[in-house]
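Colleague:
Protein chains in written order, with the working numbering: chain A, 1 to 276; chain B, 1001 to 1303; chain C, 2001 to 2331.
#1: What are the partner residues of residue 2069 of chain C, as DSSP defines its beta bridges?
#2: Taking DSSP's pairing of strands, which residues face residue 2234 of chain C in a bridge?
#3: Taking Cβ positions only, does residue 1303 of chain B come closer than 8 Å to chain C?
#4: Find the nearest neighbour of residue 2110 of chain C within the set C/2137, C/2148 and C/2139, judged by alpha-carbon distance.
#5: Which of the three DSSP states, helix, strand or coil, is assigned to residue 2086 of chain C?
#6: Whole angstroms is fine: what's the gap from residue 1361 of chain B's alpha carbon to residue 1185 of chain B's?
#7: Could you work out which residue in C/2169, C/2140, C/2063 and C/2046 is closest to residue 2010 of chain C when comparing CA atoms only?
#8: Candidates A/199, A/89 and A/41: which alpha carbon is nearest residue 60 of chain A's?
#9: Pick helix, strand or coil for residue 2172 of chain C, following the three-state DSSP scheme.
#10: Take residue 954 of chain B as the anchor and find which of B/1147, B/1146 and B/1106 has the nearest alpha-carbon.
#11: Between which two residues does the beta strand (DSSP E) harbouring residue 1266 of chain B extend?
#12: So, at 6 Å on beta carbons, what are the nonlocal neighbours of residue 2066 of chain C in its own chain, with the 5 sequence-adjacent residues on each side left out?
#13: Within the stretch 211-240 of chain A, note down every full beta strand (DSSP E) run reaching 3 residues or more, in order along the chain.
#14: Identify the continuous alpha helix (DSSP H) that holds residue 277 of chain A and give its terminal residues.
#15: Within 7 Å: the Cβ of residue 261 of chain A and any heavy atom of the ligand FAD?
#16: Note down, in chain order, each residue of its chain lying with its Cβ closer than 7 Å to the Cβ of residue 1202 of chain B, except the 5 sequence neighbours on either side.
#17: In terms of DSSP beta bridges, what is residue 1080 of chain B paired with?
#18: So residue 1004 of chain B packs on residue 115 of chain A, CB below 8 Å; how close in whole Å?
#19: Step through the CB atoms of chain B and report whether any lies within less than 8 Å of the CB of residue 220 of chain A.
#20: Would you identify the three-state DSSP class for residue 2209 of chain C, choosing helix, strand or coil?
#21: Helix, strand or coil: which one does DSSP assign to residue 196 of chain A?
#22: For residue 1216 of chain B, decide whether its Cβ has a neighbour in chain C, counting only Cβ atoms nearer than 8 Å.
#23: Confirm, please, whether the CB-CB distance from residue 2174 of chain C to residue 2091 of chain C is below 8 Å.
#24: Who are the neighbours of residue 1207 of chain B on chain C, taking C-beta pairs under 7 Å?
#25: Whole angstroms is fine: what's the gap from residue 111 of chain A's alpha carbon to residue 1006 of chain B's?
#26: Return the chain-ordered list of same chain residues with a C-beta closer than 8 Å to the C-beta of residue 2103 of chain C, the five sequence neighbours on each side being excluded.
#27: Against chain A, does residue 1014 of chain B count as a neighbour if the rule is that its beta carbon must be under 8 Å from one of theirs?
#28: Residues of chain A with CB closer than 7 Å to the CB of residue 1238 of chain B, please, in chain order.
#29: Would residue 239 of chain A be called buried (16 or more neighbouring beta carbons within 10 Å of its own) or exposed?
#30: Do residue 149 of chain A and residue 95 of chain A come within 8 Å of each other at the CB atom, strictly closer than that value?
#31: So which residues of chain C does residue 1063 of chain B contact, with C-beta pairs closer than 9 Å?
#32: To the nearest angstrom, how far is the alpha carbon of residue 243 of chain A from that of residue 46 of chain A?
#33: Closer than 8 Å, CB to CB, is residue 1023 of chain B near chain C or not?
#34: DSSP puts residue 2014 of chain C in a beta bridge; with which residues?
#35: Nearest-angstrom Cα distance between residue 1117 of chain B and residue 67 of chain A?
#36: Starting from residue 1234 of chain B and walking both ways along the alpha helix (DSSP H), at which residues does that stretch end?
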């Protein structure tokens, strides 16, 4: 793709992501009401001026819940990606740099874990550990680090044979110094792209866990959990289903745009080929 | 390959130790309920299931059973786990195949056309659609489709298993998310192939556009797509868990979720093992197709 | 009678960086039975010229001017009609044999397809014809080669397969784009022999695009030298190669090993931002201040055409010591 389109995607994605971050931070200001306050008299009402997204089966304001849900989803997305990114990058670095038996063991582990469909493993982990935010984060982080490890390992193996590494080593630099100061910066670009796309992916999976009832539990305003709650009222009150899902999609779309754009910008391929 | 299979069973077995509490106690709770649980009941289970033995012995025994096709007995139904899974397996397979068909039917033409008409309205439309597709949670899409086509229009049943009408909505739900990824890959792969020198050769020969695309470009462009489709089978299984739950589709995914809620550990282990086994198997098949498609690899391996 | 008449051809590419004027006002005539060499550095537009003749250009390219083949204007021809000419009347042997054959199809499949495209014969007959053709081009064990994939062949073998693919339709015009690029000396000589035999046998006109002066000297009747999108000198190969006039042609000959391997200093100008005067001005050892301002036109001389102010308005002084030196060196 074009670097220009890449730039546009980055700007567009960044705007969405920053807006969402703004919503998350200023949720108490934006939300018209308390996301937990029930009002059984005013339950399942359709979107109107007072309740822009309507109310749910317990009469809670869906707009407020969606706004507060931003906090939960972004927290999970960022924290899980940070943890799995750190584990993955560290594993990839040492596997790629030191090679040998260590590399063999680590990469076999990655192979084995990648043999499980990620969400299935996360589901089982979350189910066994029990529901709740910390366990959801743990489960998703444990199944999400392998991709980073593979990519970083590949990049390290390509970088470590370059002359400048030998040069730095000849100057007496230690392994860790070389790894952190010289190799890490060179493999960072793909990691940044992966992590950006990863946040979107994690948010999607976290919502799926909550939707299945194995993630963040009600009454916490989480989008997936809200969808699960709204399912039973699909016939009578579809707005319970529409708005939380829309929130998930917009959020994930923002991160996907940003990640795609970053990939295009960080890895520009020449587009017009002129024969010579 | 064998090492991965061993690793997979190892992980599956030790997953259960992540649950808080002693396994024998957990099983006892599942069987008798937490309220009227006695220490004797737990002790009996511990002895009967061999849970008093060292862990590596337990693993060895379990692995031995698994290799003989014995995945244990469901704690809830008392049926052998393998029987339960096999009973549900055809439904998941049907859904997976239908969803894959839906995704390929959408993705391959869309990706190829988008590449041929790069920067056109068709291209932007397809790629925007693809980006929406990967960003949309499939459980939400499932609910929306259900709302529109089942609840409002009444064209298809809301949920359940049976005739061909039942599979339409789940297959579309599961297929579109995967189609998005495949379409993007098909497009970029096709674009790369179109820029290759051999495309110029084909045009210089005087071949028509259709024959160039079908005879020369497609086979090259499909090589990475085939690999990707294999990897996506994993996503398909993930998606199946969610979609089967949404549409009450009686497959292995639904079974897994039910097993988690029922804390039926034997069934849980069995489902996980089956999922991983399918995934590994499909990737093996994909490797074979890949070798068949790409003669460069075929001859490297053949020597 | 000229088979192909190119008049004032301009091929421009629209790129994010700006308009690239890859071919800028080129006129050239190709004659039946004659071989014309088109030489120049990488990026001078010589391959683009070759592609322009068959209109094998990406969508971001625009061709202007006139290309007449047997009197027919190619630039106005609809794509379907043009396609019928490709491979049959005008064939193209692409450069880089490593990537110009489809990696996932066998040699046989690619050759048979080409043959059947131009002749109504059975698959079996086409396969036999393909084997015979490969044999004609000195490819050992042709039957075995047909069953193989491109990556199993050496560079020289692939180049010969491409040459075979080019001539199956008995074209009257053959365009060979760097047919000797990346081949070692022995294979290069074989390839030259193959091309000579093919043109002798079919009587086709051959446009040989190359940067290899030795191939031009060995094969060509005429030669045209391109620089930054323009032809700067053209004429009979013997004349131009032994008595080069344009400072650039002299520089090219001077960079040959036999002449002391003196490379021309500097790089050719960007085809996006072309200088106002002579395009060779910045690298020219004989440049005068006027050369930086006045764009030289192609001047007809009795034995050739030259695009240089030194030879405009009857100024012959530029020939000087330089030319005589080189003449001695070549002969």
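Using N, Cα and C, we set each Cβ at its ideal position, and we do this for glycine too. Only a predicted model underlies this, so the values are computations on that prediction, with no experimental measurement involved.
Modeller: So, to answer that:
#1: Here residue 2069 of chain C is bridged, per DSSP, to C/2004 and C/2072.
#2: Note: residue 2234 of chain C sits in a beta bridge opposite C/2224 and C/2305.
#3: Annotation note: pLDDT 34 at residue 1303 of chain B (below 50); position unreliable, coordinate value reported separately. At least 8 Å separates the CB of residue 1303 of chain B from every CB of chain C.
#4: Answer by Cα proximity: C/2148.
#5: The three-state reading of DSSP puts residue 2086 of chain C in strand, counting E and B together.
#6: This structure cannot settle anything about residue 1361 of chain B, because the visible part of chain B is limited to 1001 through 1303.
#7: For residue 2010 of chain C, the closest alpha carbon among the candidates C/2169, C/2140, C/2063 and C/2046 is that of C/2063.
#8: In this structure, A/41 is the residue among A/199, A/89 and A/41 with its C-alpha nearest to the C-alpha of residue 60 of chain A.
#9: DSSP, read as helix, strand or coil, puts residue 2172 of chain C in coil.
#10: Since the first residue of chain B shown is 1001 and the last is 1303, residue 954 of chain B is not available in this structure.
#11: Taken as a continuous stretch (DSSP letters only), residue 1266 of chain B belongs to no beta strand (DSSP E), being part of the alpha helix (DSSP H) at 1265-1293.
#12: Within the same chain, Cβ atoms closer than 6 Å to the Cβ of residue 2066 of chain C are found at 2007, the five residues on either side in sequence being excluded.
#13: Counting whole runs of 3 or more residues, the stretch 211-240 of chain A contains no beta strand (DSSP E) stretch at all.
#14: The displayed coordinates of chain A run from 1 to 276. Any statement about residue 277 of chain A would go beyond what the structure contains.
#15: The ligand FAD is absent from the structure shown, which contains no ligand whatsoever.
#16: Result list for residue 1202 of chain B: 1212 and 1216, in chain order.
#17: For residue 1080 of chain B, the pairing in a beta bridge is given by DSSP as B/1073.
#18: Contact flag correct, Cβ pair sits at about 6 Å.
#19: The beta carbon of residue 220 of chain A does not come within 8 Å of any beta carbon belonging to chain B, so the residue lies off that interface.
#20: Residue state, collapsed to three classes: strand.
#21: Note: residue 196 of chain A maps to helix in three-state DSSP.
#22: Yes, residue 1216 of chain B lies at the interface with chain C (some Cβ there is under 8 Å from its Cβ).
#23: Annotated as proximal: residue 2091 of chain C and residue 2174 of chain C, with beta-carbon spacing under 8 Å.
#24: Within chain C, the residues 2117 have their CB atoms less than 7 Å from the CB of residue 1207 of chain B, given in chain order.
#25: Roughly 11 Å between the two C-alpha positions.
#26: Taken in chain order, the residues that qualify are 2149, 2150 and 2151.
#27: Judged by the 8 Å Cβ criterion, residue 1014 of chain B is not in contact with chain A.
#28: Simply 117, 118, 119 and 120.
#29: Classification of residue 239 of chain A: buried, given that the 10 Å Cβ count is 16 or more.
#30: Their beta carbons are under 8 Å apart, which means residue 95 of chain A touches residue 149 of chain A by this criterion.
#31: Those within 9 Å of residue 1063 of chain B in chain C number zero; the least Cβ separation is about 42 Å.
#32: Distance between the alpha carbons of residue 243 of chain A and residue 46 of chain A is about 12 Å.
#33: Residue-level contact check: residue 1023 of chain B does not touch chain C, since none of the beta carbons of chain C fall below 8 Å from its beta carbon.
#34: Answer is C/2019.
#35: Rounded to the nearest angstrom, the two C-alpha atoms are 40 Å apart.
#36: For residue 1234 of chain B, the enclosing alpha helix (DSSP H) starts and ends at 1218-1246.
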